[in-house]
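Participant:
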Amino acid sequence: MSVTEAGQRGRARTKRGQSRILRGRAITQGIGLGAAGRVEALPLPEITTRISRYDVAQEKQRFEEAVARAQRQIEKIRRRLVRLPESGRDDVSGLLTVYDRMLGPSRLTRQVRSKISDEGLTAEAAVAEVSAELAQSIVATANISLPSTDEQDAAAASMRLAGEFEEIGRRLVRNLTGVSYRAFSSLPEGAVLVAEQLRPADIAMIDPARVAAVVTEGNGGADHTAILLRALDIPAIVAVPGLMAQVAEGDMLVVDAHLGTITVNPNATEMRLAREAASKEARERRAFGRIRRLPAELKSGEAIELLANLELAAELPMLMRNGARGIGLLRSEFLFSDEDDLPDEDGQAEVYRAVLDGMAGQPVTIRVFDWGGEKGQDYLRYAGQPQPAVGDNPALGLRGIRLLLKAPEVLETQFAAILKAVSAGDGQYGPVRVLLPMVTSVDEVVAAREIYERVGRNLRRQGVDLPEVLPPLGVMVETPAAALIADALVQHAEFLALGTNDLTMYTLAVNRADAAVADRYSPLHPAVLRLIATTAESALRAHRPLSVCGEMAADPKIVALLIGLGVRSFSMKSASLPRVKRLIRTISFEECDQLRREVMLMTEADAVQDVVRRFAT
Ligand code: PEP
Ligand code: MG
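Numbering follows our numbering, with no gaps: position 202 of the sequence shown is 204.
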């Protein structure tokens, strides 16, 4: 069906003056209005011939040519980056580097070559199989239904990586079969881009100044396309069922990415309301721009530290744009998830150094690998541990520091890599801290510290120039055990970080990854709050810094409660920073303390929720 035919069909379905509302998953906020501009790609050819009729050498040659062509295409996209606003460039460029690595001497290219030689496959069949297998193995270990937030980053990073394997696989198959890509240049100025599916590299082809909004039928909210659209700050809604069948070229669309709705051919009133909302939003956006530069302090004058969580180096520019004053939680377990093997000491050091470089003197807290649990069991192989048996409960098994102490050589390598990265900064980097995940007892901290100090001594002996005092070593308080012995932990840890995602899970015995019990997962449950309160008391009494880096920190009103409980430092997904800062600047410590007093008398999560929601309205 041609675009024109599709347009006529779409229009025929809408009676004059009657609008239609489609729903999807909003991945950015904002309202955009414009005529629909459909961008369609020719479908990927079906791979019917699996066994090659050429000899192995010839088939391998076809593969190498497809790889070389893909590398040229990536380079072309890279050249177009200058057309993007500066804010989006680094994100796309980071992604292109991921593609470059996949096309280089990677697990993907190695496995494709051996499938061609060992199984006699055609290059396209080998590519399709290997990219699907790699993506599946990542998806199998990722958790996609974390209830605490839409952007539960731990799982999202794995899902994105799986998507990139599929993406590079599709690119190679297209190159092998000669089926080309879509064209973005035909999109009229001010159009709403309507597509079946967008690939991350497509985003580099979009000129955000010419596009009012983006809507897709496919895509997920946590893939790289979503991250890049967020970076470009375009109102965007993905996963809209029936979009391509119901929207025709030229249909007027109001894309409300707050509500996740697309109004097709709005009536005059709907159009007027949308215009008003869009211009109100433009004013608010300008105000957020100002907030980013203002200090995070309460009306009563107390300074609050607002930091960001980070999983992928590609997300660094977004952090800075959102006004993060550093990284409060670098989830290092995701930094290497696209590598065949865990990089060695120098390989890891290079990646940590890149993050420290990117933060330009701001503080960075690096958490050592939190493998296991819902982050996936695949990583256990790095620590030489068998996969858990069916029926085991990985959340209560070898995870975080427990796993690392079973494989001290892995921990030693990571400590050494972090310390080498710090040393390379020659005093230019901001303060670095090192964080231990999933601690439940003092002996784990003592054992980890012994390793840390031994690694420091060895590096010094090798002539590595380390600061006189090693970077502080801290503990994640994310189990009830850790919270209840926080007074003892602070004797061995230089700082504490409350991981409220896991603290909620372990306290309430509610799996954070299980949708069936999502309604029982409540970080505002009095039991969780009492554990936070006792941890805060221990930290304050011992004069140890304490931060919250779970998803609770992304909700401005909950942050107010946590300030009342004594917390002064928060680390969150960076998109939440401006909103949290905006509320902080309008409230006093007395109000936060009053909220705490009211809430801590309560015995039900729902009652706490009501009080917190009513705060500062
Ligand atoms: C937490 O548990 O709150 C936390 C920050 O760690 P993660 O979400 O990576 O488990
Ligand atoms: Mg955790």
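All C-beta atoms in this analysis are idealised placements derived from N, C-alpha and C, irrespective of residue type, glycine included.
When DSSP builds the beta bridges, which residues end up paired with Glu307?
Facilitator: Ser571
Participant: For a test of your reading of the model: does the CB of Cys594 fall under 7 Å from any non-hydrogen atom of the ligand PEP? Yes or no.
Facilitator: no
Participant: Give the DSSP-derived three-state secondary structure of Glu299 in the structure shown.
Facilitator: If DSSP states are grouped into helix, strand and coil, Glu299 belongs with the strands.
Participant: Where do the ends of the beta strand (DSSP E) carrying Ala193 lie?
Facilitator: Counting along the chain, Ala193 sits inside the beta strand (DSSP E) bounded by residues Ala193 to Ala197.
Participant: Closer than 7 Å to a non-hydrogen atom of the ligand MG - does that hold for the CB of Asn503?
Facilitator: yes
Participant: For the ligand PEP, is there a heavy atom less than 7 Å away from the beta-carbon of Glu131?
Facilitator: no
Participant: For chain D, is any of its Cβ atoms less than 8 Å away from the one on Asp445?
Facilitator: No chain D appears in this structure, which consists of one protein chain only.
Participant: With distances taken from CA atoms, which of Thr605, Arg81, Ile33 and Glu131 is nearest Val50?
Facilitator: For the record, residue 50 in the displayed sequence is Thr; it is not Val. Answer by Cα proximity: Glu131.
Participant: Is the closest heavy atom of the ligand PEP to the C-beta of Gly328 under 7 Å?
Facilitator: no
Participant: So, under 8 Å CB-CB, Gly429 and Gly363 are touching, yes? Tell me the CB distance rounded to an integer number of Å.
Facilitator: The Cβ separation is near 10 Å, so there is no contact.
Participant: So, helix, strand or coil for Arg212, using DSSP?
Facilitator: Assigned with DSSP and collapsed to three states, Arg212 falls in coil, not helix or strand.
Participant: Since Gly476 sits in a beta bridge, which residues does DSSP pair it with?
Facilitator: Leu437 and Phe497
Participant: Checking 8 Å against the spacing of the C-beta atoms, do Asn221 and Leu255 come in under that value?
Facilitator: In this structure, Asn221 sits away from Leu255, with a CB-CB distance that is not shorter than 8 Å.
Participant: DSSP three-state label for Ile53, please.
Facilitator: strand
Participant: Going by DSSP in three states, Leu413 sits in which element: helix, strand or coil?
Facilitator: helix
Participant: With a threshold of 6 Å on Cβ separation, who are the neighbours of Val141 within its own chain once the five nearest residues in sequence on each side are excluded?
Facilitator: Ala164
Participant: Taking the CB atoms as reference points, tell me whether Ala137 and Phe167 lie closer together than 8 Å.
Facilitator: yes
Participant: Can you check which of these residues, Val58, Arg176 and Val69, is closest to Asp120 by C-alpha distance?
Facilitator: Val58
Participant: Three Cβ pairs or more, each shorter than 8 Å: is that satisfied between the stretch 92-112 and the stretch 65-77?
Facilitator: Enough Cβ pairs lie closer than 8 Å, so yes.
Participant: Using only alpha-carbon positions, find the residue among Lys559, Ala391, Ser443 and Asp92 that is nearest to Gln596.
Facilitator: Lys559
Participant: Note down the Cα distance separating Val353 from Pro473, rounded to an integer number of angstroms.
Facilitator: 18 Å
Participant: What first and last residue would you give for the alpha helix (DSSP H) that runs through Thr502?
Facilitator: Thr502 -> alpha helix (DSSP H) spans Thr502 to Leu510.
Participant: Under the three-state reduction of DSSP, which class applies to Thr124: helix, strand or coil?
Facilitator: coil
Participant: Going straight from the alpha carbon of Val216 to that of Val266, what length do you get?
Facilitator: 14 Å
Participant: Could you pull out every residue in the same chain whose Cβ sits closer than 6 Å to the Cβ of Asp92, ignoring the five residues on either side in sequence?
Facilitator: Residues Pro319 of the same chain have their beta carbon placed closer than 6 Å to that of Asp92, with the five preceding and five following residues left out of the count.
Participant: Report whether the distance from the Cβ of Leu83 to the nearest heavy atom of the ligand PEP is below 7 Å.
Facilitator: no
Participant: Going straight from the alpha carbon of Arg514 to that of Met507, what length do you get?
Facilitator: Arg514 and Met507 have their C-alpha atoms spaced approximately 6 Å apart.
Participant: Can you name, in chain order, every residue of its own chain whose Cβ lies under 8 Å from the Cβ of Thr16, other than the five neighbours on each side?
Facilitator: Any reading at Thr16 needs caution, since the residue's pLDDT is 45, under 50, leaving its predicted position unreliable; the model's value is listed next. These residues qualify, in order along the chain: Arg22, Asp253, Val266 and Asn267.
Participant: For Ser578, which residues of its own chain have a beta-carbon under 6 Å away from its beta-carbon, when the five flanking residues on both sides are left out?
Facilitator: Cβ neighbours of Ser578 beyond the five flanking positions: Ala556.
Participant: Could you check whether the stretch 387-400 touches the stretch 417-429, counting it as contact only if at least three pairs of C-beta atoms, one from each stretch, sit closer than 8 Å?
Facilitator: no
Participant: Thinking Pro548 and Leu498 are a contact (beta carbons under 8 Å), I'd like their distance in whole angstroms, please.
Facilitator: Reading off the sequence, residue 548 comes out as Leu, not Pro. Contact holds; Cβ gap of about 5 Å.
Participant: Measuring CA to CA, which of Arg570, His527 and Arg173 is closest to Asp204?
Facilitator: Arg173
Participant: Quick check on DSSP: helix, strand or coil for Val181?
Facilitator: In this structure, DSSP gives Val181 a state outside helix and strand, which the three-state scheme calls coil.
Participant: Is DSSP giving Leu344 helix, strand or coil here?
Facilitator: Looking at Leu344 - three-state DSSP - the assignment turns out to be coil, as it is neither helix nor strand.
Participant: Please name the residue, chosen from Val441, Leu83, Arg323 and Thr605, that lies closest to Arg532 on a Cα-to-Cα basis.
Facilitator: Thr605
Participant: Is it a yes or a no for the stretch 59-69 touching the stretch 286-297, going by three-plus beta-carbon pairs under 8 Å?
Facilitator: no
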